[in-house]
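Notes for the one structure printed next.
Residue numbers (the numbering used here): 4 to 258.
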């Protein structure tokens, strides 16, 4: 989607922000940068917040290329890093501040802590496909979830697929959940028979369908929320958060 100068002052300013982000991060997906620019103009984030988040993604890409991204992200570090931008955004909103184009020089520790997690989310999507399996051969009457497990929000993905559409949808749904600050656990079903079976059981029990579960798939507890296209529809309608809360979503239970 191109933004033209003739579309009005708001869109002209959005284009300036977008172009600034493109110049600052020339290797980053232009569509994601445009989404960031739109969110800045809507007041969801300051420009510094947007730059911080894109820098984390770029750092994660570099770390992943060097082959040590996952090894350097403990769960406690990732959880701490997830709160960094949230805390800065909350402070900015309470002060009514929306910053102009500046390059942040602080919060380097937060960026490095979160880099491993974002690297796992965004960058490991290029290996051969592993079939999910035939759900018609499974018994869907027993799903081994109990206690807090029933409240967890999980995103089932795979890092082993040659399907470009699946790779694109995994990237986009993770970007959507990240921007909405929805806390969730990523479940990589590649080469994991137990997780593949659990996803099939949960999908069949929730939907009553015997077809294979789509990838990616978001669940709140055992409730199937949707694949990327469904989640994007809910977001376009402005009811994504309301929907998952209605299914029992509690951000504190996601980690």
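For glycine and all other residues, C-beta sits at the position ideal for the given N, C-alpha and C.
Since the structure is predicted, the reported quantities are computational estimates derived from the model, not experimental observations.
Just grab the DSSP bridge partners of residue 232 for me. Partner(s): none; residue 232 has no beta bridge.
For residue 163, name the three-state secondary structure that DSSP assigns. strand
If you scan the segment 18 to 61 from start to end, which runs of the alpha helix (DSSP H) of 4 or more residues do you find wholly inside it? 33 to 44
Short Cβ contact (8 Å threshold) for residue 219 with residue 176: Yes.
CB contact flag (residue 24, residue 42, <8 Å): no
When the Cα atoms are used, what is the spatial distance from residue 167 to residue 237? 23 Å
Identify which residue in 222, 241 and 229 has its Cα closest to the Cα of residue 253. 222
Minimum length 3: unbroken beta strand (DSSP E) runs contained in the segment 155 to 230: Listed in chain order, the complete beta strand (DSSP E) runs (minimum 3 residues) inside the segment 155 to 230 are 156 to 160, 188 to 191, 220 to 223 and 226 to 229.
In the DSSP assignment, find the unbroken alpha helix (DSSP H) run with residue 249 in it and report its ends. 243 to 249
Report yes or no: do the segment 43 to 63 and the segment 196 to 207 share at least 3 C-beta pairs separated by less than 8 Å? no
If you draw a straight line from the alpha carbon of residue 215 to that of residue 163, how long is it in whole angstroms? 17 Å
Looking only at its chain, what residues have a beta carbon closer than 6 Å to the beta carbon of residue 38, apart from the 5 residues adjacent to it on each side? none
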